[in-house]
Amino acid sequence: MDEREKSEVVETDVVIVGGGPAGMVLGMMLAQANVEVTIVESQANFDREYRGEVLQPRFLQLMEQLGMRSYIESLPHAQVRAGTFFQKGRKLGEFAFHRFIPEIPYAIWTPQPILLQAYYDYMKDSPHFHMKFHASVKALLRDNGRVTGVVIETEKKERTEIRAKVTVGADGRFSAIRRLGGFQLEYEDYPGDIIWFNIDQPENPQDVLQFHMTDKYPYLTLPKYPNLLQVGIVLGKGRWKQIQQEGIESFKADLAEMSPAFHPFLQTVTSFRSFFPLQAKTQYVKEWAQDGCLLIGDAAHCSSPAGAIGVSLAVTTSAIAAETIYDSLNKNDVSASSLGRVQQVRDSEIRMIHRIQMRMGRMLFNRHPILNKLRPYFLALFTRTPIATTVLRKMMTLPKDIHIDERFRFKDKSSRKG
Ligand SMILES: Cc1cc2nc3c(=O)[nH]c(=O)nc-3n(C[C@H](O)[C@H](O)[C@H](O)COP(=O)(O)OP(=O)(O)OC[C@H]3O[C@@H](n4cnc5c(N)ncnc54)[C@H](O)[C@@H]3O)c2cc1C
């Protein structure tokens, strides 16, 4: 047991709220550079379903810079090498990853529990890395306005103060730190929902992401490790609520009409509990830093599912946050302006990707009859022009100016696995 747990007050350099991809990567990088880090995670473990599992080439590029790429690729995963668009079963167009990033011509599908557990296993013996599960943040500590840590509550309703020089909110799209700190959203876009479920893969395993337009609803399929397909039904805002009012049998009938591949799954469905709805929201926090406090990942810049890029963006921000926090601690300046460097570095890329996603969202979620007719032609045209390659390259590859400093790099531990 962590010696420090006996006390009701814990002191650390940096407390990171949230053990998702953003919090884990930041925690690892700081601990690697000998900064004392405590991650608090409200869940009991890393089990989670339907979370960012497609990891784009840029994620692997970042892991490569951190010296972790072969460790990550030694984990169980499926590869996704191309994307294809279909209209009522007819192929309209396609894109292949090798066209925009020849050196890493695939995305990987790694279940998030496996990825996060692997990060944890990698770091758990570090004397600088501490993690508390089942610890939910209930309040921020402040001293003269500056954030000085958090109050956490454990499963047994016991409260502990974690005092820290820097408090990081990496607690996702419903961030408690964002709410408790009074951080304001600059913009939010919510064009609709994606309703997820899993089906068995067809006999020939697929390494292709597919987008289908049908008379009922558009849907996408993604290969999911080890032998599943994850299906996402794309619904305009408000439609999911109407569907639930119409009843499960009506929705099942629609799905059955959309694809015979759904039939075996539909035989097991008796209620809406078989589906996992995701609000396709894009959010951008106006100012990510306050004195002593910083938001990263989805807490600062939640992206829509368009492009499956949330994890990649989140960990890129973590990398910049690690450098910034390290420098701020060394300068003994954890003011909003010092921590605000993270937003200065990440701002233009995040806004650019959000703009692309919001345009994609208008194209995918809008069910206007004229747009329904034109959409296949737009998509076919889009995939055949160099614009598609340029847009996808921008989204899927790591910005050229991201270079991780040596002190945060890990020795490749791929051999440690197993
Ligand atoms: C259905 C779905 C599918 C997605 N698909 C993809 C995809 O294919 N590819 C992709 O790149 N992205 C995808 N995303 C987005 C991706 O999951 C997120 O962008 C990414 O996980 C953000 O990482 P994060 O660490 O910032 O936040 P999160 O992953 O949300 O992690 C936040 C963590 O904070 C913890 N927490 C929350 N509140 C508290 C609290 N009060 N105290 C302590 N801990 C707390 C949570 O338990 C969680 O572990 C998907 C998202 C969803 C919902």
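In this text, residue positions in the sequence shown follow numbering that gives the first Met the number 0: the first is 0, and each later residue adds one. Built from N, CA and C at the ideal position, the CB exists for glycine as well.
Between the alpha carbons of Tyr189 and Leu277 lies a distance of about 11 Å.
Rounded to the nearest whole angstrom, the CA to CA distance from Lys285 to Gln343 is 12 Å.
Membership of Lys137 in the beta strand (DSSP E) is indicated by the continuous run Ala134 to Asp142.
Taking 6 Å as the cut-off, one finds no heavy atom of ligand 1 near enough to the beta carbon of Gly246. In this structure, the CA atom of Thr269 is about 28 Å from the CA atom of Leu363.
Each of Lys410, Phe182, Phe407 and Leu397 was checked against the Cα of Leu61, and the nearest Cα belongs to Leu397.
DSSP, reduced to helix, strand and coil, places Thr83 within a strand of the structure shown. Annotation: the continuous beta strand (DSSP E) that includes Glu187 extends over Leu184 to Asp188.
Relative to ligand 1, even the nearest heavy atom lies 6 Å or more away from the CB of Val207.
By a beta-carbon distance limit of 8 Å, Phe271 contacts Gln243. Their separation comes to about 6 Å. Shown here for Met130: same chain residues with a beta carbon closer than 6 Å to its own, the five before and five after excluded, namely Ile38 in chain order. Proximity of the beta carbon of Ser347 to ligand 1 is not indicated: no heavy atom of the ligand is located closer than 6 Å. Per the coordinates, the alpha-carbon of Ile151 lies some 12 Å from the alpha-carbon of Ile15.
Apart from the 5 residues on each side of it in sequence, Thr213 sits with its Cβ closer than 7 Å to the Cβ of Lys87 and Met257 in its chain, given in chain order. DSSP places Thr37 in the uninterrupted beta strand (DSSP E) bounded by Val36 to Val39. Here the alpha carbons of Val341 and Ile324 stand approximately 9 Å from one another. Put simply, the stretch 309-327 touches the stretch 15-34. At least three CB pairs are less than 8 Å apart. The Cβ-Cβ distance between Ser311 and Gln55 falls below 7 Å. When Lys123, Leu373 and Gly181 are compared, the shortest CA-CA separation from Arg145 is found for Gly181.
Sorting Phe45, Lys164 and Ala106 by C-alpha distance to the C-alpha of Gln116 places Phe45 at the top. If the five residues before and after Gly360 are omitted, its C-beta is found closer than 7 Å to the C-beta atoms of Asp188, Pro190, Ala279, Ser303 and Ala305, all from its own chain and listed in chain order. According to the DSSP assignment, Tyr218 belongs to the beta strand (DSSP E) that extends over Tyr218 to Lys223. Rounded to the nearest whole angstrom, the C-alpha separation of Val13 and Thr220 is 39 Å. Assigned with DSSP and collapsed to three states, Met257 falls in helix. The way I'd put it, the stretch 168-180 does touch the stretch 292-302; three or more beta-carbon pairs between them come closer than 8 Å. Here the C-alpha atom of Arg80 lies approximately 14 Å from the C-alpha atom of Phe210. Residue pairing of Asn197 in beta bridges, as defined by DSSP: Gln229. By the neighbour-count definition (other C-beta atoms within 10 Å, threshold 16), Phe99 is a buried residue. Short of 6 Å from the beta carbon of Ala138, and not among the five residues preceding or following it, lie these beta carbons of its own chain, in chain order: Val150. About 4 Å separates the CB atoms of His133 and Glu154; that is less than 8 Å, so the two are in contact. For Glu187, the shortest C-beta to heavy atom distance toward ligand 1 is 6 Å or greater. Ala288 sits close to Gly339, with the two beta carbons spaced by under 7 Å.
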